[in-house]
Amino acid sequence: MTGPETLLPLVVLAPLGMAALLATIAHWLPSRMADVLAILTALGIMLLCGWLAGQATGGPIVHWFGGWTPDAAHRPGVILGIAFVADPASAALAAFCALLFAASFLFAWGYFDEVHSHFHILMLLFLAAMEGFCLTHDLFNLFVWFELMSVAAFALTAYPLGQSSLEGAFSFTVTNSFASFMMLMGIGLLYAGTGTLDFTAIGQAMARHGPDPVILGGFCLIAAALLTKAAILPFHFWLSDAHAVAPTPVSVIFSGVMVGLGLFALTKLGGQSFGAGEGAMAPVRALLLWLGVATAVVGGLMTWGQRHLKRLLAFSTVSHLGIMLLAVSALKPLGAAALLLYLVGQGLVKAALFMVAGILLALRASADEIALYREGRGLWPAGVVMILGGLILGGLPIGLLHGGGHLIHAAVPSRVAEGAIILSTALTGAAVLRAGLRIFPGWSGVPGVERGAPTEREHEKADRPLWLMVLPGALLLVLVLAPSSAAFPFLAAAAPRLLDPWAAGIATLPEEGGTLASGATFAATLALVAMSLLRRRPTGRLARLAAWGERLPFRALEAAHSGVVSDYVTWMTAGLALLAVAAASWR
Amino acid sequence: MTSLPWLAALPWLAAAWLFAIGVYGVVTSRHYVHLIGCLSVCQSSTYMLLLGVGFRRGAGPPIFYDHPPGTPAVDPVMQALVLTDIVVGAAVTALLLVIALQVHKRCGLVDPQRLRPLRGPK
Amino acid sequence: MIWPVAVALAVAALSGLLVVLSRDPKRQVFALAANGLVLAVVFFLLRAPDVALSEIAVGSAITPFLFLVTLSAIAMNRTRS
Amino acid sequence: MNGRWRLALLALAALLLAPLIWSVASALPPFGAPEAAYGPAVNALLPGARNVSNMVAAVNFDVRGIDTLGEESMLLCAVVGAVVLLRGRRGEDRGDRAGRVPGRPIVERDDATILACRIAALLVLLFGAYVALHGTVTPGGGFQGGAIAASGLLLVYPGEDYSCWRALVPGTVLTVIEGAGALIFVLAAALPLAGGHAALANILPLGTWKDLYSGGVMVVVNFAVALAVVGGFGLLLIEFMEETRAPEEDPVPDEEDR
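As structure tokens, then:
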């Protein structure tokens, strides 16, 4: 057992052990000790995963639990044990998760000061689940970490015990429970069809006797569950209600990386287990492409039509997930590299923006853009973070997110998809800029479409210093402004290994050119912001008619996002039927 | 004994049936606690499918206490998966009941079709 | 002999329908407990004694008890507010 | 969407899915004749490799031990979450008066119930311990035994009155038991790493066949799971019962408070 192989399970065992330790001695722990222990654990895991990612570029680090290596069973072709396989991409994403947790713990210093440090126990279990989800190589183990992540998320969403957070947590729990039932049924079908649960073994079994209905059915069910976690249309309805009502440190993790893990797992499974036949998944990939376009556009429009900051950021996450699905649907190394860079870039920016929303909730007792008009003047550091974040989201041509967007434009096959990316990036960036300019410097026209959006009077714990709350957000923004060309060599090595951990060779990534697309995106963002600044109250009959016409699509979309859990479950069943029909049409 | 065609697929159809009525129950429910009950019915469909996949006709349980190891036995891996699934069911049901209780304490309503976050009851 | 399993599966499907169709939560709790017992019999016939034991302990003892306590707490809240 | 639209969409989805479900059901290996090689390999190898006769416990605690570790931390997470959400503003002090629903008569417990419950509580606790201890030998194990023992703890309540039950089964002790169970499991997984073995490796002597001590580390893991489940379910039952007590002052604040 080499060094990295011995340390690999500690990535999951350390947070679990710390959570269990806190649960045991929480009664006798001095008050701030839980915060310190949690931050140290998160930073330790981040460094360990970063080191493992570096080591893994040579070859994947494999750890078989219990010593049950494939040959220990003396049965060729039968894999008994469960493996953790750290390929560079998975280890890097695990490190990114730990980084966001460290920033969230720093932001949450003093937020939860009751005795039993329950918040830190739940968050550490959440961290362990995400690390396990990134690293596991066994299908049912993936379900166990998926479920632990969900249970921790349900409890953390309902933590503030406000009426909206309880109802949001209820619909979040019901929809994600359905996703886990579908995933279990998919695992049952795949076990019946291939006789094993290991990713590579499933891939070999599928290559041997081709995708028959059982394996296609299993893939559809698992894909539906992962698309629910990745909030792709029509499975995305739970996300806006859950993120808008969760406490800020939890929303940072939700939007930062939890939803991205769904797409990451879909890419890994698509590459390692179901990518055998080139044409095998063509109709499903086409459906994923169109679902990505629909999600990006619907998410962008809903972002533009929101006034509650957290709900606005939640819909921008939905839009970015749609964009990432566009790159992933091709299942090529270039798409995987684009997914990784874009996921890290948008995660950093989204985490910083959610922290700004948390600051406004804490110090100005509201997250409503219109109610906060000119209220943010005393908090200029938070204003700088928000406006810079909006610019980066809108396509500012520097930093990781720009590099990610550039790779996605290169990876995306069709023109329509590129148009959708430009439109949704402009809408999300402009919405954040509109909110930032309205709250901090107070520059804003008359509220247009966002006037009728749902909102709520709420506040979060106030007596926390401003510098302590702005510091993590500012650090994350500095990270996202790093030149993306620095990450290209690592990405070139990591991307092919995500689709097949034992692949050699380097992916060729297109050079960082100032393409037409990035310029058009940034121009569109500035145009939308200018439009919202110059908007006056519609006086003439024609202007009033135009304003009514402009509000029509937004009111229809808002009616579809009704908040009723029965609707959400109906839409999920329809989505599953859509996926099944696409898979069945392959034969 | 002639094995009828539908008998070979009985557990898969039973699982699909339980999943379908679970979804129907959740979509048409008018009380949070009733909805949670329907969710646990929907979960029992996964037990049915998993154990059905592991069953082998004429084989005994995978416990070699009273009959020696080597006698034909059903698949123990599927039973371990269902054990984990039952724990998942108990955990999620407990959390949902707590949320339903707290929502009722907050606003006196437990009708899933009237309660909507950030918008106030319909 | 496959007939007992087939009959048990059919009874489990019916008891699931019974749980869904009993709209009044108080009656549904007893339907749930019965469903737990029927599932335990199905698991026993599918040669899974461990799973049957845990289904009885969790599915028809602890979970229905939690349902009952929640319903009584809701009844007390309703009279208070 | 109103009710009719939802049912229409559901019917359409069911219509689309029905033929596909039938094609999958007929393509699956027939019920009773599985083709998977994983299970038979475990049945053939594990009795000799670990001296245990309960194959499900062997898969749960040794071959796929990391799954069970995830399952236990899920139980810990659900119980901590439920306790946090239930205590909310109530704090953890004991409500001494039982909540009452007006119009529902209070039936005094007669002595037969008290005697029966006191005897039953002890027997159920004993049975739970028996099932937990024989995890690696006969059907049962840490989880089932722990769940039975937790319901045994609950039986103490009808045997005694509420405050005596809460004194006999204190919440802090159950929290410590639950945390300790999870901690022992994590240590049993992590310690073999120090010796250069794989995590969850079975480094203890494997004991004798069909004996209570069989399966080396599996006995420790089984004990840890039993502790975690007793503590977890016990705490859950206590916090839920606490909800039925009459509050001193009205815990529900009037305006929208976070």
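Protein chains in written order, with my numbering: chain W, 370 to 956; chain E, 548 to 669; chain F, 8 to 88; chain A, 12 to 269. C-beta: ideal position from N, C-alpha, C; glycine also. Note that the structure is predicted; figures quoted are calculated from it, not measured.
Less than 7 Å between the C-beta atoms of E:Pro659 and E:Leu582, yes or no?
Translated into the one-based positions of the second sequence, residue 659 of chain E becomes position 112. Translated into the one-based positions of the second sequence, residue 582 of chain E becomes position 35. Result yes, Cβ atoms of E:Pro659 and E:Leu582 sit closer than 7 Å.
When DSSP labels each residue in this structure, what does W:Trp659 get in the three-state scheme?
The residue labelled residue 659 of chain W in the question sits at position 290 within the first sequence. Correct three-state label for W:Trp659: helix.
Using the beta-carbon count (16 or more within 10 Å), is E:Thr549 buried or exposed?
Working through the second sequence from its first residue, we reach residue 549 of chain E at position 2. Model confidence at E:Thr549 stands at a pLDDT of 48, short of 50, so the residue's coordinates are unreliable; what they give is reported in the following sentence. By the 10 Å Cβ count, E:Thr549 comes out exposed.
Under 7 Å between beta-carbons, which chain E residues line up against F:Val65? List them in chain order, please.
Working through the third sequence from its first residue, we reach residue 65 of chain F at position 58. Simply Ile633, Ala637.
Under 8 Å by Cβ, that's how I've got W:Leu566 and W:Phe509 pegged, so tell me the actual separation to the nearest angstrom.
Indexing the first sequence from 1 puts residue 566 of chain W at position 197. Indexing the first sequence from 1 puts residue 509 of chain W at position 140. Indeed, because the Cβ distance is near 5 Å, the residues count as touching under 8 Å.
Taking the alpha-carbon of W:His443 as reference, which of A:Ser174, A:Ala52, A:Arg75, A:Leu165 has the nearest alpha-carbon?
Taking the first sequence and counting its residues from 1, the one referred to as residue 443 of chain W is at position 74. Residue A:Ala52 is the option with its Cα nearest to W:His443.
What did DSSP end up calling W:Asp507 once you bin it into helix, strand or coil?
The residue given as residue 507 of chain W occupies position 138 in the first sequence. Correct three-state label for W:Asp507: strand.
Might you give, ordered along the chain, the residues of its own chain that have their beta carbon closer than 8 Å to the beta carbon of A:Ala199, omitting 5 neighbours on each side?
As a first step, residue 199 of chain A is located in the fourth sequence; it is residue number 188 there, counting from the start. Here the set comprises Leu211, Val228, Val231, Val232, Ala235.
Would F:Ala41 and F:Ile63 be called neighbours here (beta carbons separated by less than 7 Å)?
Locating residue 41 of chain F in the third sequence gives position 34, counting from the first residue. Locating residue 63 of chain F in the third sequence gives position 56, counting from the first residue. Contact: no.
To the nearest angstrom, how far is the alpha carbon of W:Ser935 from that of W:Asp610?
As a first step, residue 935 of chain W is located in the first sequence; it is residue number 566 there, counting from the start. As a first step, residue 610 of chain W is located in the first sequence; it is residue number 241 there, counting from the start. Taking the straight line from one Cα to the other gives about 14 Å.
How is the beta strand (DSSP E) around W:Phe643 delimited, first residue to last?
Stepping through the first sequence from its first residue, residue 643 of chain W is reached at position 274. That residue, W:Phe643, is in no beta strand (DSSP E); it is neither H nor E in DSSP.
Using the beta-carbon of each residue, which ones in chain W are nearer than 7 Å to E:Arg603?
Here residue 603 of chain E refers to the residue found at position 56 of the second sequence. By Cβ distance, chain W contributes nothing, its closest Cβ being about 12 Å from E:Arg603, past 7 Å.
Between E:Pro623 and the rest of its own chain, which residues show a CB-CB distance below 6 Å, the 5 nearest in sequence each way excluded?
For the purposes of this step, residue 623 of chain E is identified with residue 76 of the second sequence, where counting begins at 1. Hits under 6 Å: Pro609.
Decide if the segment 642-650 of chain E is in contact with the segment 162-182 of chain A; the criterion is three or more beta carbon pairs, one per stretch, under 8 Å apart.
At 8 Å Cβ cutoff, the stretches do not touch.
I want to verify the contact list: residues of chain E whose CB lies under 7 Å from the CB of W:Pro750, in sequence order.
As a first step, residue 750 of chain W must be located in the first sequence, where it is residue number 381. Chain E residues near W:Pro750: none, gap ~28 Å exceeds 7 Å.
If we define contact as Cβ-Cβ less than 7 Å, is A:Ser225 a contact residue for chain W?
Within the fourth sequence, residue 225 of chain A is the residue found at index 214, counting from 1. No, its Cβ sits nowhere closer than 7 Å to a Cβ of chain W.
Strictly under 7 Å for the Cβ-Cβ distance: is E:Arg653 near chain W by that measure?
Mapped onto the second sequence, residue 653 of chain E falls at position 106. It does: the Cβ of E:Arg653 has a partner Cβ on chain W nearer than 7 Å.
Name the residues in the segment 32-47 of chain A whose C-beta lies less than 9 Å from a C-beta of chain E; which are they?
Under the 9 Å Cβ criterion, the segment 32-47 of chain A contributes Ile32, Trp33, Val35, Ala36, Ser37, Leu39, Pro40, Pro41, Phe42, Gly43, Ala44, Pro45, Ala47.
Under 9 Å between beta-carbons, which chain E residues line up against W:Arg680? List them in chain order, please.
For the purposes of this step, residue 680 of chain W is taken as the residue at position 311 of the first sequence. Near W:Arg680 (Cβ distances below 9 Å), the residues of chain E are Leu665.
Leaving aside the five residues before and after W:Gly579 along the sequence, list all residues of the same chain whose C-beta is less than 6 Å from its C-beta, in chain order.
Reading the first sequence from its first residue, position 210 is the one you call residue 579 of chain W. Nothing meets the Cβ criterion.
Can you list, in chain order, the residues of its chain whose CB lies under 8 Å from that of A:Leu217, leaving out five sequence neighbours each side?
Position 206 of the fourth sequence, counting from 1, holds the residue named residue 217 of chain A. Hits under 8 Å: Arg61, Asn62, Ser225, Gly226, Gly227.
Quick check on W:Gly745: does DSSP put it in helix, strand or coil?
Your numbering for residue 745 of chain W matches position 376 in the first sequence. Correct three-state label for W:Gly745: helix.
For A:Gly43, write down the residues that DSSP places opposite it in a beta bridge.
Position 32 of the fourth sequence, counting from 1, holds the residue named residue 43 of chain A. A:Gly43 pairs with E:Arg603.
Relative to the C-alpha of A:Ala9, which candidate in A:Gly243, A:Ala257, A:Thr255 has its C-alpha closest?
Any answer about residue 9 of chain A is impossible in this case: the structure gives chain A only from 12 up to 269.
The alpha helix (DSSP H) spanning W:Phe606 covers which residue range?
Counted from its first residue, the first sequence places residue 606 of chain W at position 237. Segment 606-614, the alpha helix (DSSP H) holding W:Phe606.
Between the C-alpha atoms of W:Leu748 and W:Leu765, what's the straight-line distance to the nearest angstrom?
In the first sequence, counting from the first residue as 1, residue 748 of chain W sits at position 379. In the first sequence, counting from the first residue as 1, residue 765 of chain W sits at position 396. W:Leu748 and W:Leu765: Cα-Cα distance of roughly 24 Å.
Please give me, in chain order, every unbroken run of the beta strand (DSSP E) with length at least 3 that falls completely inside the segment 104-175 of chain A.
Counting only runs of 3 or more, we get nothing.
Kindly confirm or deny that the segment 58-77 of chain F and the segment 921-939 of chain W touch, where touching means at least three C-beta pairs closer than 8 Å.
As far as the Cβ criterion goes, the segment 58-77 of chain F does not touch the segment 921-939 of chain W, which means the pair count is below three.
If we ignore side chains and look at the alpha-carbon of each, how far apart do E:Gln649 and A:Leu97 end up?
Taking the second sequence and counting its residues from 1, one reaches residue 649 of chain E at position 102. Taking the fourth sequence and counting its residues from 1, one reaches residue 97 of chain A at position 86. Each residue's Cα considered, the two are about 7 Å apart.
DSSP three-state label for A:Arg256, please.
Here residue 256 of chain A corresponds to residue number 245 of the fourth sequence, with the count starting at 1. Note: A:Arg256 maps to strand in three-state DSSP.
Which residue from W:Leu700, W:Ala613, W:Ser783 puts its Cα closest to that of W:Ala651?
Locating residue 651 of chain W in the first sequence gives position 282, counting from the first residue. Nearest of W:Leu700, W:Ala613, W:Ser783 to W:Ala651, Cα basis: W:Leu700.
Within 10 angstroms of the Cβ of W:Ala706, are there 16 or more other Cβ atoms? Answer buried if so, exposed if not.
Translated into positions along the first sequence, residue 706 of chain W becomes position 337. That one is buried.
Residues of chain E with a CB under 9 Å from the CB of F:Phe74: which are they?
Walking along the third sequence from the start, residue 74 of chain F turns up at place 67. In chain order: Val580, Ile583, Gly584, Thr640, Leu644.
Between which two residues does the beta strand (DSSP E) holding W:Ala843 run?
As a first step, residue 843 of chain W must be located in the first sequence, where it is residue number 474. Segment 835-849 is the alpha helix (DSSP H) holding W:Ala843; no beta strand (DSSP E) there.
In the segment 561-572 of chain E, which residues sit with their C-beta less than 8 Å from some C-beta in chain F, listed in chain order?
Those would be Ala561, Trp564, Leu565, Ile568, Gly569, Tyr571, Gly572, in chain order.
Can you tell me where the alpha helix (DSSP H) holding W:Trp420 begins and where it ends?
Here residue 420 of chain W corresponds to residue number 51 of the first sequence, with the count starting at 1. Start and end: 402-425.
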